[in-house]
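First comes the structure, then the notes that go with it.
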Amino acid sequence: MKASLTPQQANLLGLIAALTVGDVPPTYEALAEAMSTSKGNIHRLLSCLFERGHVTWEYGKSHSLRLTDPLAAKSSAELIAMRDKIDAALVERMA
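Pasting the structure below:
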């Protein structure tokens, strides 16, 4: 059984699921922007998620971040709502 998550860790899992396009996961920069935090904090959160078995990646290889159980991250409705919110925020920032 996987350990329970902090709210930030759960939010990050949802963001990874929502921002993954096809087989390409989001960058640390995109995750940091979406969570209004630093890339260093994203790395710390991902390290905790890795230790708990929620994500995996290949060291030294870009775009290798993967959820071990993508369906456990969020429900479809939550993912769609989250992606819409992120898209609206990005459009607003670019305007």
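Read in order, the letters of the sequence shown correspond to residues 8 to 102 in our numbering. Every residue gets a Cβ at the ideal spot worked out from N, C-alpha and C, and that includes glycine.
Span separating the alpha-carbon of residue i from that of residue j
i: Phe57; j: Glu99; result: 33 Å
i: Met8; j: Ala102; result: Unreliable positioning characterises Met8 in this predicted model, as indicated by a pLDDT of 45, which lies under 50. The coordinate reading is nonetheless provided below. Whole-angstrom Cα-Cα distance: 45 Å.
i: Ile93; j: Ala39; result: 12 Å
i: Pro33; j: His70; result: 7 Å
Residue i, buried or exposed, once every other Cβ within 10 Å from all chains shown has been counted against 16
i: Leu22; result: buried
i: Ala41; result: buried
i: Leu97; result: exposed
Opposing strand residues paired with residue i [DSSP bridges]
i: Arg73; result: Thr63
i: Val98; result: None, per the DSSP bridge assignment.
Whole-angstrom C-beta distance between residue j and residue i, which should lie under 8 Å
i: Ala24; j: Leu74; result: 6 Å
i: His50; j: Tyr35; result: 7 Å
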